[in-house]
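Here the UniProt record's numbering is used: the first residue of the sequence shown is 1, the next is one more, and so on.
Beta carbons: idealized from backbone N, C-alpha and C, even for Gly.
Just so it is clear, the structure is predicted and the values come from calculations on it, not from any experiment.
Step one of this worksheet: look at the structure below.
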Amino acid sequence: MKVPMTEQTTEPSAAETDTTLAAADPELVEAVEASSLTFADFNVRPEIVEALAAKGITTPFPIQAETLPIALGGYDIIGQAKTGTGKTLGFGIPAIQRVTSPDDAGYDDLPAPGAPQALIVAPTRELAVQVASDIKVAAARRGIRVATIYGGRAYEPQIEELDRGVEIVVGTPGRLIDLHRQRHLKLKNVNIVVLDEADEMLDLGFLPDVETLLSAVPEVGRQTMLFSATMPGPVVAMARRYMSKPTHISAADPLDEGITKKDIRQLVYRAHHLDKDEVIARLLQAEGRGRTIVFTRTKRQADRLSAELQSRGFAAGAIHGDLGQGAREQALRAFRNEKIDVLVATDVAARGIDVTDITHVINLTAPDDEKAYLHRVGRTGRAGKTGIAVTFVDWEDMPKWKLIDKALGLGIPEPIETYSSSPHLYEDLDIPKGTKGRLPRHKRSKAGLDAEELEDLGGPEKRKSSGGRGDRDSGRGGRGGDREGGRGGRSGDRDSSRGGRSGGRDSGRGRTRTDDSSRDSSQESAPAAEGSAAPRSRSRRRTRGGEDTGSAGQAQQGQPAESAAPSEGSESATQPRRRRRRRGGSGGENAPSES
């Protein structure tokens with residue numbers, strides 16, 4: 001059943017104290033009045049106001065100011081605002097205010113004390129960690145327990161945390177569904193559900209998982225809030241299905257009416273891919289350049305560019321989907337702690353990485369569409385600060401870039417052709433004259449990625465390292481330290497049984513030929529043992545059907561070479577005998593003639 005949505009519009013209020021200003025620009029007056037409001041003016045609990053004030057957060061952003069009155073009343077909301085405008089507190093504060101903490105009266109009267117009361121779903125691990133961190137800051141003085149549930153980590157610590165009791169759960173769809181199916185995550189007492197960056201969930205194919213989680217939460221008394229920077233059709237359709245009369249709030253700064261934020265300076269260059277490394281290395285030495293994120297299209301590009309920048313003296317690290325969760329969090333911690341100041345990332349980092357003082361965002365290639373562009377450049381110019389976004393467009397990407405430029409209204413359909421020696425590059429980015437593509441040694445002040453500890457999360461990457469292809473003692477084709485590899489492995493004692501090159505030539509691929517006639521004799525057991533301990537002798541002879549075809553085997557049985565010829569009428573005489581071959585030659589003086 002489709003439920004109609006209510007569109008919220010905010011009319012500009014009259015400014016009685018300054019009629020001249022009101023007549024000139026009423027929206028400007030409204031912005032000035034809104035900027036004087038604090039969180040306390042929205043009936044936010046004093047503990048939350050004090051916790052935010054301790055971090056220097058006192059004035060709400062437009063999306064927060066428009067969301068809080070409705071969300072605190074328990075109504076469903078669809079919140080839409082530009083990235084970097086504070087959507088997290090727009091749903092985080094109502095969630096913190098509505099849940100009952102262990103310090104509140106009536107906690108023991110809950111149907112299931114310690115069961116989650118609020119569920120926040122994020123599309124990526126990095127965004128889930130960022131949202132949980134912001135909520136913990138606002139809930140610091142309420143005694144609310146917040147659990148972060150996402151993949152890449154071991155199950156056991158997360159299960160133990162849920163068993164101890166939590167009030168708010170923040171997580172990614174996959175791990176949330178896993179724990180719910182295992183009955184460790186109980187959703188029957190959840191009365192607040194938040195979907196953050198719902199359009200990214202659509203792009204990643206998570207909407208079916210989100211619907212599974214929503215269907216597990218009771219509808220009666222549930223408040224559902226959906227937040228995102230963009231609202232494609234399937235997301236709106238899901239909202240109509242699972243939300244009750246949602247209010248659609250599209251908040252924007254009256255002084256910033258463009259699709260992109262006015263605080264971000266957009267620079268677009270058409271560059272040759274062989275010159276981009278040099279251009280970026282010089283760009284990173286611009287005056288006033290702080291922490292920088294470089295976005296790449298592929299994981300391999302991220303690894304390659306990160307290694308290239310490190311070789312040029314820059315403190316850089318990479319983050320992408322192929323890295324284990326421990327390595328991803330190591331790079332982010334090093335970036336936040338300023339041990340590195342350049343983060344090379346794929347779109348996995350385009351959402352939810354809220355790091356202060358990111359001055360530059362660089363697109364190594366043109367993004368896939370305008371939505372990806374908005375979320376990438378939105379990593380800078382956050383919380384009222386300014387930033388610079390630089391995009392390099394390859395010649396073959398020009399048609400795609402023209403579509404992005406038209407959709408966003410950037411007014412740069414034909415980027416200027418730029419090389420590392422172009423004068424306008426130095427002028428646009430305030431790069432000192434004479435700058436080269438290597439960072440001088442006296443400017444290399446960062447500790448580097450290795451200075452940040454790699455945390456052992458006990459997740460899948462640890463299990464891989466203990467029994468997968470990465471383990472050098474694995475039994476499938478691994479060339480182990482003891483040289484006892486399995487399939488196709490070259491064994492040190494030349495005695496592997498799966499395709500190994502055995503010293504006695506008696507091992508095939510996966511099976512061993514058995515000598516029925518002479519392997520049980522004590523005379524052969526000793527030479528076999530010696531052959532397994534010493535390198536293979538070149539005088540060994542082949543065996544066929546369990547019988548020795550050379551003089552070496554005859555000598556072991558105490559028979560002369562001449563007596564080895566088969567008698568007439570014997571079974572072996574009916575088959576032609578092959579000429580023996582030895583390494584380094586086609587035969588020897590004892591080699592029998594062809595039959």
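List the DSSP bridge partners of residue 363.
For the purposes of this step, residue 363 is identified with residue 363 of the sequence shown, where counting begins at 1. Answer is 295 and 391.
Between the region 87 to 98 and the region 389 to 403, can you find at least three pairs of beta-carbon atoms closer than 8 Å?
No, they do not touch.
Measuring CA to CA, which of 248, 302 and 309 is closest to residue 321?
Looking up residue 321 in the sequence shown gives position 321. It is 302 whose Cα lies nearest to the Cα of residue 321.
Spatial neighbours of residue 287 within its chain, please: C-beta separation below 8 Å, excluding the five flanking residues on both sides.
Sequence index remark: in the sequence shown, residue 287 carries index 287 (1-based). These residues qualify, in order along the chain: 430, 431 and 432.
Note down the Cα distance separating residue 235 from residue 226, rounded to an integer number of angstroms.
Taking the sequence shown and counting its residues from 1, the one referred to as residue 235 is at position 235. Taking the sequence shown and counting its residues from 1, the one referred to as residue 226 is at position 226. C-alpha separation (whole angstroms): 9 Å.
Out of 336, 194 and 369, state which residue places its alpha-carbon closest to the alpha-carbon of residue 75.
To locate residue 75, count along the sequence shown from 1; it is residue 75. When each option's Cα is compared against that of residue 75, the closest is 194.
On a Cα-Cα basis, can you pick out the residue from 168, 159, 199 and 340 that is closest to residue 184?
Here residue 184 corresponds to residue number 184 of the sequence shown, with the count starting at 1. The shortest C-alpha separation from residue 184 is found at 159.
Can you give, in chain order, each stretch of the alpha helix (DSSP H) that sits fully within the region 262 to 342 and has at least 4 residues?
Here the runs fully enclosed are 276 to 283, 299 to 311 and 325 to 336.
Select from 182, 403 and 176 the residue whose C-alpha is nearest the C-alpha of residue 210.
As a position in the sequence shown, residue 210 is number 210, starting the count at 1. Nearest option by C-alpha distance: 176.
Whole angstroms is fine: what's the gap from residue 292's alpha carbon to residue 280's?
Within the sequence shown, the letter at position 292 stands for residue 292. Within the sequence shown, the letter at position 280 stands for residue 280. The straight-line gap from Cα to Cα measures roughly 11 Å.
Residue 419: buried (16+ other C-beta within 10 angstroms of its C-beta) or exposed?
By 1-based counting over the sequence shown, the position of residue 419 is 419. With fewer than 16 other Cβ atoms within 10 Å, it is exposed.
With respect to 7 Å, is the separation between the Cβ of residue 342 and the closest non-hydrogen atom of the ligand ZN below this value?
This structure simply doesn't include the ligand ZN, nor any ligand for that matter.
Taking the straight line between their C-alpha atoms, what separation do you get for residue 438 and residue 452?
Taking the first residue of the sequence shown as 1, we reach residue 438 at position 438. Taking the first residue of the sequence shown as 1, we reach residue 452 at position 452. Whole-angstrom Cα-Cα distance: 24 Å.
Taking Cβ to Cβ, would you say residue 360 is nearer than 8 Å to residue 388?
Here residue 360 is taken as the residue at index 360 of the sequence shown, counted from 1. Here residue 388 is taken as the residue at index 388 of the sequence shown, counted from 1. Contact: yes.
How big is the Cα-Cα spacing for residue 52 and residue 65?
As a first step, residue 52 must be located in the sequence shown, where it is residue number 52. As a first step, residue 65 must be located in the sequence shown, where it is residue number 65. In a straight line, the C-alpha of residue 52 is about 15 Å away from that of residue 65.
On a CA-only basis, which of 262, 147, 297 and 309 is nearest residue 284? Give me that one, please.
Indexing the sequence shown from 1 puts residue 284 at position 284. Comparing Cα positions, the closest option is 309.
Just the C-alpha distance for residue 282 and residue 436, rounded to the nearest angstrom, thanks.
Sequence index remark: in the sequence shown, residue 282 carries index 282 (1-based). Sequence index remark: in the sequence shown, residue 436 carries index 436 (1-based). In a straight line, the C-alpha of residue 282 is about 6 Å away from that of residue 436.
When the Cα atoms are used, what is the spatial distance from residue 129 to residue 174?
Taking the first residue of the sequence shown as 1, we reach residue 129 at position 129. Taking the first residue of the sequence shown as 1, we reach residue 174 at position 174. Straight-line Cα distance between these residues: approximately 15 Å.
Where DSSP assigns a beta bridge to residue 196, which residues make up the other side?
In the sequence shown, the residue the question calls residue 196 occupies position 196. Note: residue 196 sits in a beta bridge opposite 227.
For residue 127, which three-state DSSP category applies?
Position 127 of the sequence shown, counted from the first residue, corresponds to residue 127. It is helical.
Is the CB-CB distance between residue 149 and residue 169 below 8 Å?
Within the sequence shown, the letter at position 149 stands for residue 149. Within the sequence shown, the letter at position 169 stands for residue 169. Against a cut-off of 8 Å, the Cβ pair of residue 169 and residue 149 comes out as a contact.
In terms of residue numbering, what span does the alpha helix (DSSP H) encompassing residue 119 cover?
Counting from one through the sequence shown, the residue named residue 119 turns up at place 119. Here residue 119 belongs to no alpha helix (DSSP H); instead the beta strand (DSSP E) covers 118 to 121.
DSSP three-state label for residue 220, please.
In the sequence shown, residue 220 corresponds to position 220, counting from 1. Coil, per DSSP.
Does residue 358 come out as helix, strand or coil in the three-state DSSP assignment?
Here residue 358 refers to the residue found at position 358 when the sequence shown is read from its first residue. Looking at residue 358 - three-state DSSP - the assignment turns out to be strand.
Comparing alpha-carbon positions, which option in 384, 422, 402 and 69 lies nearest residue 264?
Taking the sequence shown and counting its residues from 1, one reaches residue 264 at position 264. When each option's Cα is compared against that of residue 264, the closest is 384.
Under the three-state reduction of DSSP, which class applies to residue 148: helix, strand or coil?
On the sequence shown, residue 148 is found 148 positions in, with the first residue counted as 1. Of the three classes helix, strand and coil, the one that applies to residue 148 here is strand, per DSSP.
So what does residue 345 bridge to, in DSSP terms?
For the purposes of this step, residue 345 is taken as the residue at position 345 of the sequence shown. 295 and 319, per the DSSP bridge assignment.
Per the DSSP calculation, residue 169 is bridged to which residue(s)?
Taking the sequence shown and counting its residues from 1, the one referred to as residue 169 is at position 169. Residue 169 is bridged to 119 and 147.
Below 8 Å between beta carbons: does that hold for residue 190 and residue 127?
By one-based count along the sequence shown, residue 190 stands at place 190. By one-based count along the sequence shown, residue 127 stands at place 127. The answer is no: Cβ separation not under 8 Å.
Please say whether residue 375 and residue 229 have beta carbons closer to each other than 8 Å?
Within the sequence shown, residue 229 is the residue found at index 229, counting from 1. Within the sequence shown, residue 375 is the residue found at index 375, counting from 1. Yes. Within cutoff.
Tell me whether the beta-carbon of residue 317 lies closer than 8 Å to the beta-carbon of residue 152.
As a first step, residue 317 is located in the sequence shown; it is residue number 317 there, counting from the start. As a first step, residue 152 is located in the sequence shown; it is residue number 152 there, counting from the start. Not in contact: residue 317 and residue 152 (Cβ atoms no closer than 8 Å).
Going by C-alpha distance, which of 307, 276, 381 and 270 is nearest residue 399?
Taking the first residue of the sequence shown as 1, we reach residue 399 at position 399. The shortest C-alpha separation from residue 399 is found at 270.
Identify which residue in 214, 172, 36 and 221 has its Cα closest to the Cα of residue 201.
Here residue 201 refers to the residue found at position 201 of the sequence shown. The candidate whose alpha carbon is nearest that of residue 201 is 172.
Can you tell me which of 114, 131 and 115 puts its alpha carbon nearest to the alpha carbon of residue 122?
Position 122 of the sequence shown, counted from the first residue, corresponds to residue 122. Ranking the options by Cα distance to residue 122, first place goes to 131.
I'd like to know whether the C-beta atoms of residue 69 and residue 42 end up nearer to each other than 8 Å.
Here residue 69 refers to the residue found at position 69 of the sequence shown. Here residue 42 refers to the residue found at position 42 of the sequence shown. Yes.
Leaving out five residues on either side along the sequence, give the residues of the same chain with a beta carbon under 6 Å from the beta carbon of residue 328.
Position 328 of the sequence shown, counted from the first residue, corresponds to residue 328. For residue 328, where only same-chain residues beyond five positions count, the Cβ hits under 6 Å are 319.
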